[in-house]
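Asker:
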Amino acid sequence: MLKIVVCIKQVPETQDVRLDPVTHTLKREGIKSIINPFDLYALEEGLRVKDAKGGTVTVITMGPPQAEEALREALGFGADGAVLLSDRAFAGADTWATALTLAKAIEKLGGADLIFTGKQAIDGDTAQVGPMLAAIMNIPFASWARKVSFPAAGKVEVERLLDHGYDAVEVELPALISVVKEINEPRVPSFKAKLRAKKEAIPVWGLGDLGLPAEAVGLAGSFTQVVKVFPPPARGQSETWEGAAPDLAARLWQRLQERSKAAG
Amino acid sequence: MDYLLTEEQRMLQDLAREIAQERIKPIRAQLDEEEIFPTEIIKDLAQADLCGTIIPEEYGGLGLGTLENCLVLEALAMGCVGVATTYAASFLGAYPLLMYGTEAQKSRYLPAIAKGEALAAFALTEPQAGSDAGAIAATAVKDGDFYVLNGNKQWITNAGEAEFYTVIALTDKSKGVRGASALMVEKSDPGISFGKKEQKMGIRASVTREVVLEDCRIPKERLLGKEGLGFIITMKTLDLARPGAGSLAVGLAQEALDEAAAFAKERQQFGAPIFSFQAVQHLLADMATKIEAARALVYAVARYIDTKPKDYSKVAAMAKLFPTDMAMGVTVDAVQVMGGHGYMREYPVEKMMRDAKILQIYEGTNQIMRNIIGLALNKEYSKKK
Chain A
813 MLKIVVCIKQ VPETQDVRLD PVTHTLKREG IKSIINPFDL YALEEGLRVK DAKGGTVTVI
873 TMGPPQAEEA LREALGFGAD GAVLLSDRAF AGADTWATAL TLAKAIEKLG GADLIFTGKQ
933 AIDGDTAQVG PMLAAIMNIP FASWARKVSF PAAGKVEVER LLDHGYDAVE VELPALISVV
993 KEINEPRVPS FKAKLRAKKE AIPVWGLGDL GLPAEAVGLA GSFTQVVKVF PPPARGQSET
1053 WEGAAPDLAA RLWQRLQERS KAAG
Chain B
748 MDYLLTEEQR MLQDLAREIA QERIKPIRAQ LDEEEIFPTE IIKDLAQADL CGTIIPEEYG
808 GLGLGTLENC LVLEALAMGC VGVATTYAAS FLGAYPLLMY GTEAQKSRYL PAIAKGEALA
868 AFALTEPQAG SDAGAIAATA VKDGDFYVLN GNKQWITNAG EAEFYTVIAL TDKSKGVRGA
928 SALMVEKSDP GISFGKKEQK MGIRASVTRE VVLEDCRIPK ERLLGKEGLG FIITMKTLDL
988 ARPGAGSLAV GLAQEALDEA AAFAKERQQF GAPIFSFQAV QHLLADMATK IEAARALVYA
1048 VARYIDTKPK DYSKVAAMAK LFPTDMAMGV TVDAVQVMGG HGYMREYPVE KMMRDAKILQ
1108 IYEGTNQIMR NIIGLALNKE YSKKK
């Protein structure tokens, strides 16, 4: 019986996001939200491990009250329980403060044998909360998992997708694994689970429930602060040339010479 | 249009739409082109609990009614009518069990169907018995504790893929249709085999084969209801299924309209999107109006059936006739709106037009629907004198 925890994040569906002028973080109110797509693969893997090995899957998220929708959606896929970490004091948390809050919540849940996260969230794209959470909990972390298997009791083997191929690592449980989308194909939700999810009372844990001091969480507990968020500068104009290789090479050589002259 | 659906009904509709959109639509052209049976999609539908929509909760289903079934079928048909037919045909095989099965029979078959582990099929049609269903020649002869079945069932949807077959056969040849009975035959029974996969104009993701019964020996407990009830069971099954066929038509026509309208917004001719031309708008307006009329009829009849009236053959036939004739017309017009593009297999509407045709034919041709409605009217107006 494995205790599996899946950490998810609710993210804005649109790329057209607004920024909070004070905290410089993304404004989420009033924008349609979805479960971070990578987290759906983490949830699916958690559910598959549960189906194969037995156990429970608990989904947790930190966010504003509306993040409860993401948890209900996760319950609709078949998760056994959900906890929402929500408190004004948590607002503006950076990746460290977020990881610390999640770590405390998992401790309050009685720990976990396996923790799954997506490789990163599509809004902040930091890919930091997973590894920081593992560091705070002092458990092994395996990133970019494309395959998870259990060679022996208390151990998990993880194939990690790298830029050129993959490697395989074996870690001891409890462990935290971040997954890539190659790991599985998420299932469709179940109608019965969705009906149950609609009625399920989802506990909301705040600062007091986690026994953390206010200065350890949220903006106050953050080591980093977002100074500015901006779209990446547009790359220079690109051109596509077609033709025979020698002609193209000659043309390119001429262009480079012109550039070099212009640059003095 | 708001049809005053409950929150639960809307959730069900959303779930089926999500599956149609994300799992069916991306591969429907390939399923059609390569005639692939949609095994993976059936697994998704099972995972979503949709294989048990109409099956009672005590057998692992959702215990929902005709309207809910129609909502799911309409949504799935927006993805692919071939897939939706596969799904619907399993319920066609299950309806006789639901209506006439004993506790033991229901427990044996319904949970596997609800879980999506097994598909069912309904085997009525024969080479010489199509619209004239009373002309069936397949026999089921009692032999001690067994029935021995012989005969050929033609064009059976899901044949070869389904685990369970509701077969209509004569237990007493001398009584004609009154000697027909319904029996459950399993794929693993001795003496059942299947013909080649038929090559069809449309709904090519679904499979249609002949079911051949040669001294197929089954325990006598497989009889549904009583001997001689076969024809009544058939009629009641088809009555119950007909609004479902109507729903497939509504979903199909809606998808064709959506495709044609989106195309008309993009396609430029004479310096403007073709949507701006009245000739095109009138086509689209007629399509939209007919679809809404058909949907309203199907929902109204489905709701009426869910009140458990004694006889609803007439309105069930109407709920099949009008939407399926409508879908044929609407899909032809969708191709017309899209012109040469619509005729190309690169675009989805030519498939929809091919798929629409079967809806006017199967589960009782639309001519038979008019017979049923005419017969009922004749009775009604005879009484009124």
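Chains as they are written, first to last, in the numbering used here: chain A, 813 to 1076; chain B, 748 to 1132. Ideal placement from N, C-alpha and C gives every residue a C-beta, glycine not left out.
#1: Using 8 Å as the limit for Cβ to Cβ distance, is A859 (chain B) near chain A?
#2: In its own chain, which residues sit with a C-beta less than 6 Å from the C-beta of S1060 (chain B), not counting the 5 before and 5 after it?
#3: Mapping DSSP to helix, strand and coil, what is F953 (chain A)?
#4: If you run the structure through DSSP and keep just helix, strand and coil, what is F784 (chain B)?
#5: DSSP on P876 (chain A), reduced to helix/strand/coil?
#6: List the whole-angstrom C-beta distance separating T833 (chain B) from P773 (chain B), where the pair is believed to meet the contact cut-off of C-beta under 8 Å.
#7: Name the residue from B:G998, B:H1029 and B:L999 whose alpha carbon lies nearest to the alpha carbon of A1011 (chain B).
#8: Is any beta-carbon of chain B found at less than 8 Å from that of V1000 (chain A)?
#9: Figure out for me which residue from B:G975, B:M948, B:G942 and B:I950 has the closest Cα to the Cα of S921 (chain B).
#10: G904 (chain A): which of A:K967, A:V1039, A:Q1069 and A:L1068 sits nearest, CA to CA?
#11: Considering only the alpha carbon of each residue, which of B:S878, B:G881, B:G840 and B:K973 lies closest to A870 (chain B)?
#12: Are the beta-carbon atoms of L818 (chain B) and Q756 (chain B) separated by less than 8 Å?
#13: Can you list, in chain order, the stretches of the beta strand (DSSP E) that have 3 or more residues and sit fully within the segment 865-898 of chain B?
#14: Is S837 (chain B) helix, strand or coil by DSSP?
#15: Let me check understanding here. Comparing Cα to Cα, which of A:L887, A:T1036, A:D832 and A:P943 lies closest to K1011 (chain A)?
#16: Hey, out of A:A1046, A:D899 and A:G1033, whose CA is closest to W908 (chain A)'s CA?
#17: On a CA-only basis, which of B:G991, B:A916 and B:Q1015 is nearest T800 (chain B)? Give me that one, please.
#18: State the DSSP-derived secondary structure class of Q940 (chain A), mapped to helix, strand or coil.
#19: For A1007 (chain B), which three-state DSSP category applies?
#20: Hey, quick one: how far does the alpha helix (DSSP H) through F1035 (chain A) stretch, first residue to last?
#21: Quick check on the DSSP output: what are the complete beta strand (DSSP E) runs of length 3 or more inside the segment 986-1072 of chain A, in order along the chain?
#22: Report the three-state DSSP secondary structure of V869 (chain A) (helix, strand or coil).
#23: Determine the burial state of T1054 (chain B): buried for a count of at least 16 other Cβ atoms within 10 Å of its Cβ, exposed for fewer.
#24: Using only alpha-carbon positions, find the residue among A:D832, A:G1020 and A:K821 that is nearest to V773 (chain A).
#25: Since F1003 (chain A) meets chain B, which of its residues come closer than 8 Å, beta carbon to beta carbon?
#26: Flag this pair as yes or no: are the beta carbons of V871 (chain A) and I820 (chain A) separated by less than 8 Å?
#27: Could you check which residue in A:I847, A:G875 and A:D899 has the C-alpha nearest to that of G882 (chain A)?
#28: Could you check which residue in A:L855, A:K844, A:P824 and A:Q822 has the C-alpha nearest to that of I989 (chain A)?
#29: Out of curiosity, what's the CA-to-CA distance linking V1082 (chain B) and V823 (chain A)?
#30: Using a Cβ-Cβ distance under 8 Å, would K862 (chain A) count as near chain B?
#31: On the DSSP bridge list, what partners appear for A831 (chain B)?
#32: Leaving out the 5 sequence neighbours to the left and right, which residues in its chain are closer than 6 Å to E945 (chain B) when beta-carbon positions are compared?
#33: Ignore the nearest five residues each way along the sequence and tell me which others in P998 (chain A)'s own chain have a CB closer than 8 Å to its CB.
#34: What residues in the segment 912-930 of chain A bring their beta carbon closer than 9 Å to a beta carbon of chain B?
#35: Can you tell me where the beta strand (DSSP E) with P858 (chain B) in it begins and where it stops?
#36: Output, in chain order, the set of chain A residues within a Cβ distance shorter than 7 Å of I766 (chain B).
Answerer: According to the data block:
#1: Here the question's residue 859 (chain B) lines up with position 112 in the second sequence. Cβ-Cβ to chain A under 8 Å: no for A859 (chain B).
#2: Residue mapping note: residue 1060 (chain B) aligns to position 313 of the second sequence, counting from 1. Result list for S1060 (chain B): D986 and I1119, in chain order.
#3: The sequence position of residue 953 (chain A) within the first sequence is 141, counting from 1. Strand, per DSSP.
#4: Counting from one through the second sequence, the residue named residue 784 (chain B) turns up at place 37. Coil, per DSSP.
#5: On the first sequence, residue 876 (chain A) is found 64 positions in, with the first residue counted as 1. DSSP, reduced to helix, strand and coil, places P876 (chain A) outside both helices and strands of the structure shown, so it counts as coil.
#6: By one-based count along the second sequence, residue 833 (chain B) stands at place 86. By one-based count along the second sequence, residue 773 (chain B) stands at place 26. With 8 Å as the limit, T833 (chain B) and P773 (chain B) do not qualify as a contact, their Cβ atoms being about 17 Å apart.
#7: The sequence position of residue 1011 (chain B) within the second sequence is 264, counting from 1. It is B:H1029.
#8: Counting from one through the first sequence, the residue named residue 1000 (chain A) turns up at place 188. For V1000 (chain A), the answer is yes, since a Cβ of chain B falls inside 8 Å of its Cβ.
#9: As a working mapping, residue 921 (chain B) is identified with position 174 in the second sequence. With distances taken between Cα atoms, S921 (chain B) lies closest to B:G975.
#10: Here the question's residue 904 (chain A) lines up with position 92 in the first sequence. When the alpha-carbon of G904 (chain A) is set against those of A:K967, A:V1039, A:Q1069 and A:L1068, the nearest one is in A:V1039.
#11: For this step, residue 870 (chain B) is matched to residue 123 along the second sequence. Comparing Cα positions, the closest option is B:G840.
#12: Translated into the one-based positions of the second sequence, residue 818 (chain B) becomes position 71. Translated into the one-based positions of the second sequence, residue 756 (chain B) becomes position 9. Judged by beta-carbon spacing, Q756 (chain B) lies within the 8 Å limit of L818 (chain B), meaning their Cβ atoms are closer than that value.
#13: Whole beta strand (DSSP E) segments, 3+ residues: 867-870 and 886-890.
#14: As a working mapping, residue 837 (chain B) is identified with position 90 in the second sequence. In this structure, S837 (chain B) counts as helix in the three-state DSSP scheme.
#15: In the first sequence, the residue the question calls residue 1011 (chain A) occupies position 199. Considering only alpha carbons, the answer is A:L887.
#16: Stepping through the first sequence from its first residue, residue 908 (chain A) is reached at position 96. Measuring C-alpha to C-alpha distances from W908 (chain A) to each of A:A1046, A:D899 and A:G1033 identifies A:G1033 as the nearest.
#17: As a first step, residue 800 (chain B) must be located in the second sequence, where it is residue number 53. Closest option to T800 (chain B), judged by alpha-carbon separation, among B:G991, B:A916 and B:Q1015: B:G991.
#18: Indexing the first sequence from 1 puts residue 940 (chain A) at position 128. Under the three-state reduction of DSSP output, Q940 (chain A) falls in the coil class, being neither helix nor strand.
#19: Walking along the second sequence from the start, residue 1007 (chain B) turns up at place 260. Under the three-state reduction of DSSP output, A1007 (chain B) falls in the helix class.
#20: For the purposes of this step, residue 1035 (chain A) is identified with residue 223 of the first sequence, where counting begins at 1. That residue, F1035 (chain A), is in no alpha helix (DSSP H); it is neither H nor E in DSSP.
#21: If one requires a minimum length of 3 residues, the beta strand (DSSP E) runs lying completely within the segment 986-1072 of chain A are 987-991, in chain order.
#22: Walking along the first sequence from the start, residue 869 (chain A) turns up at place 57. Strand.
#23: Translated into the one-based positions of the second sequence, residue 1054 (chain B) becomes position 307. Within 10 angstroms of the beta-carbon of T1054 (chain B) lie fewer than 16 other beta-carbons, which makes it exposed.
#24: Limits of chain A in this structure are 813 at one end and 1076 at the other, which puts residue 773 (chain A) out of reach.
#25: Within the first sequence, residue 1003 (chain A) is the residue found at index 191, counting from 1. Contact of F1003 (chain A) with chain B by beta-carbon distance below 8 Å involves M758, L759, L762, A795, D796, L797 and L809.
#26: Position 59 of the first sequence, counted from the first residue, corresponds to residue 871 (chain A). Position 8 of the first sequence, counted from the first residue, corresponds to residue 820 (chain A). Result yes, Cβ atoms of V871 (chain A) and I820 (chain A) sit closer than 8 Å.
#27: Walking along the first sequence from the start, residue 882 (chain A) turns up at place 70. It should be noted that the sequence gives Ala, not Gly, for residue 882 (chain A). Closest option to A882 (chain A), Cα to Cα, is A:I847.
#28: On the first sequence, position 177 is the one that residue 989 (chain A) refers to. It is A:L855.
#29: Your numbering for residue 1082 (chain B) matches position 335 in the second sequence. Your numbering for residue 823 (chain A) matches position 11 in the first sequence. The C-alpha of V823 (chain A) is placed about 40 Å away from the C-alpha of V1082 (chain B).
#30: Within the first sequence, residue 862 (chain A) is the residue found at index 50, counting from 1. Closer than 8 Å: no.
#31: As a working mapping, residue 831 (chain B) is identified with position 84 in the second sequence. According to DSSP, A831 (chain B) bridges with nothing at all.
#32: What you label residue 945 (chain B) is simply residue 198 of the second sequence in a count that begins at 1. If we look at E945 (chain B) and ignore the five residues flanking it on each side, its Cβ neighbours are T955.
#33: Within the first sequence, numbered from 1, the residue matching residue 998 (chain A) stands at position 186. Counting only Cβ-Cβ distances below 8 Å, and skipping sequence neighbours, we find L852, Y853, L855, E856 and F889.
#34: Result list empty, no residue passes.
#35: Numbered from its first residue, the second sequence carries residue 858 (chain B) at position 111. Note, P858 (chain B): premise wrong, no beta strand (DSSP E); alpha helix (DSSP H) at E850 to A861.
#36: Residue 766 (chain B) sits at position 19 when you count from the first residue of the second sequence. Going along chain A in sequence order, the residues near I766 (chain B) (Cβ under 7 Å) are V1000.
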